[in-house]
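Quick notes on the structure that follows.
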Amino acid sequence: MLEAMRDPHIGSFGVAAIVLQLAAKLVLLHLLLPGGWPVLIAICAAARLGPLIWARALPPLRAEGLGASIAGASRFRNVLGW
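Per our numbering, residue 28 is the first one in the sequence shown, and the count goes up by one each step.
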């Protein structure tokens, strides 16, 4: 699976997947907008908080990769303080 992540050729299916993902995000944001700005702010906050939690909770895939250098770098108080 890691070989697929390193492949620089995206291909037509990759482009179609990106376009469909962006379209789905636009549709979901349009459906959430009647909730007002607090919902949009909560979505942005969750998007920034998620990587902190993932970096704290999950081990790196490879010992020599970039994830190994930041694994466990976020402390619990940083997650709470955010």
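Each residue gets a CB set at the ideal place from its N, CA and C atoms; glycine is no exception.
Cβ-based neighbour list, Gly-94, same chain, cut-off 7 Å, excluding 5 preceding and 5 following:
Apart from the 5 residues on each side of it in sequence, Gly-94 sits with its Cβ closer than 7 Å to the Cβ of Pro-87, Leu-88 in its chain, given in chain order.
What are the boundary residues of the alpha helix (DSSP H) that includes Gly-41?
It spans 38–59 - the alpha helix (DSSP H) in which Gly-41 sits, taken as one unbroken run.
What separation, rounded to the nearest whole angstrom, lies between the Cα atoms of Leu-59 and Ala-51?
Approximately 12 Å, taken between the alpha carbons.
Limits of the alpha helix (DSSP H) - the one that Arg-75 falls within:
Counting along the chain, the unbroken alpha helix (DSSP H) around Arg-75 starts and ends at 64–84.
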